[in-house]
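In our numbering, the protein residues as written are 45 to 292.
Glycine is no exception: its CB is placed at the ideal position from the N, C-alpha and C atoms.
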Amino acid sequence: MQVVGRRQLVAGNWKMNGDKALVGKMQKIFATAGLDNMDVVICPPSPYFGLFDGKLKLGSQNISEFDSGAHTGEVSVAMLNEFKCQYSIVGHSERRADNHESNELVALKVEQVLKAGLTPILCVGEPESVREIGKLFEFIAAQLNAVLMKVGVSQFADVVLAYEPIWAIGTGKTASPAQAQEVHAFIRGHLAKQDVNIAANIIILYGGSVKGNNAQELFSQVDVDGGLIGGASLDPQEFLSICQAANQ
């Protein structure tokens, strides 16, 4: 098994929040942040893509499974490429719930992102009810397997994974470092059944009420490679402190 050394990554998912002023504040603060040991990605609402100056990496919050056509309200990978977006969140629990995105549709979207040369940030995670009945690992395996069946394990060399327990998103609840590590280790082990090198080198982020005061302990877990950050990414100073925790 060859491990090349996983680089920490922190992605900020603004969801349907933010404005031009926030774009300016974020770029000003991160211009001199000196984060040499990790990568920062901002995933703003798509109308703000053109306001970024190229110094921060950009990602989208969603992507269409289609190349183009009569799909009102959707955004294509070609459009993202024009704005030099390098990442796209795929399969976030809010889209799975609000827009009824199935595991199979998520797999199609991952395939589309990969074909365009972008990096999908593939989200997996369980609701509290699933955890309570002891079906956590089966639930996450099903989410992973749908994508594995569609694109093959070799393509996961170009995928970032994000474990977001649904019960911890925007609730103030956070999985303990031990809980996060347990699931991240399961994900890595599940992929290792098909390819140990892919499993060892894939970046797996944690998301779910990550703050500046808990980021370092979460990111220090052996299988946690950074975070997918929601609410805290709307506060430039708080987001910076999370990134600094990943940069250590």
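{"Check": "As a quick exercise: from 65, 88 and 131, pick the residue whose alpha carbon is nearest that of residue 161.", "Outcome": "131"}
{"Check": "Indicate the three-state DSSP secondary structure (helix, strand or coil) for residue 60 in the structure shown.", "Outcome": "coil"}
{"Check": "How far does the alpha helix (DSSP H) with residue 129 in it extend, from its first residue to its last?", "Outcome": "Segment: none, residue 129 is in no alpha helix (DSSP H) and carries neither H nor E."}
{"Check": "Which residue's Cα is closest to the Cα of residue 207: 255, 148, 153 and 269?", "Outcome": "269"}
{"Check": "Express the C-alpha separation of residue 248 and residue 151 in angstroms, rounding to a whole number.", "Outcome": "17 Å"}
{"Check": "For residue 164, write down the residues that DSSP places opposite it in a beta bridge.", "Outcome": "132"}
{"Check": "What are the boundary residues of the beta strand (DSSP E) that includes residue 114?", "Outcome": "Element bounds for residue 114: n/a, residue is neither H nor E."}
{"Check": "According to DSSP, is residue 223 helix, strand or coil?", "Outcome": "helix"}
{"Check": "So residue 206 is in the beta strand (DSSP E); what residue range does that whole segment cover?", "Outcome": "204-207"}
{"Check": "Please list the terminal residues of the continuous alpha helix (DSSP H) segment that includes residue 194.", "Outcome": "180-195"}
{"Check": "So residue 56 packs on residue 87, CB below 8 Å; how close in whole Å?", "Outcome": "6 Å"}
{"Check": "Which residue spans inside the segment 64-91 form an unbroken alpha helix (DSSP H) run of at least 4?", "Outcome": "64-74"}
{"Check": "Ends of the alpha helix (DSSP H) at residue 95?", "Outcome": "Run containing residue 95: none; DSSP gives neither H nor E here."}
{"Check": "Helix, strand or coil: how does DSSP classify residue 45 here?", "Outcome": "Note that residue 45 has pLDDT 48, beneath the 50 cutoff, so the model's placement of it is unreliable and the number below is only indicative. If DSSP states are grouped into helix, strand and coil, residue 45 belongs with coil."}
{"Check": "From 153, 127 and 223, pick the residue whose C-alpha is nearest to that of residue 97; which is it?", "Outcome": "127"}
{"Check": "Around the C-beta of residue 70, are 16 or more other C-beta atoms found within 10 angstroms, so that it is buried, or is it exposed?", "Outcome": "buried"}
{"Check": "Might you give, ordered along the chain, the residues of its own chain that have their beta carbon closer than 6 Å to the beta carbon of residue 227, omitting 5 neighbours on each side?", "Outcome": "207"}
{"Check": "Please say whether residue 100 and residue 204 have beta carbons closer to each other than 8 Å?", "Outcome": "no"}
{"Check": "One question on the structure: do residue 209 and residue 178 come within less than 8 Å of each other, judged by their Cβ atoms?", "Outcome": "no"}
{"Check": "Please classify residue 95: is it buried, with 16 or more other beta-carbons within 10 angstroms of its beta-carbon, or exposed?", "Outcome": "exposed"}
{"Check": "So is residue 290 buried or exposed if we call it buried at 16+ other beta carbons inside 10 Å?", "Outcome": "buried"}
{"Check": "Report the three-state DSSP secondary structure of residue 213 (helix, strand or coil).", "Outcome": "coil"}
{"Check": "What residues in its chain sit with their C-beta under 6 Å from that of residue 199, if we drop five residues either side in the sequence?", "Outcome": "158"}
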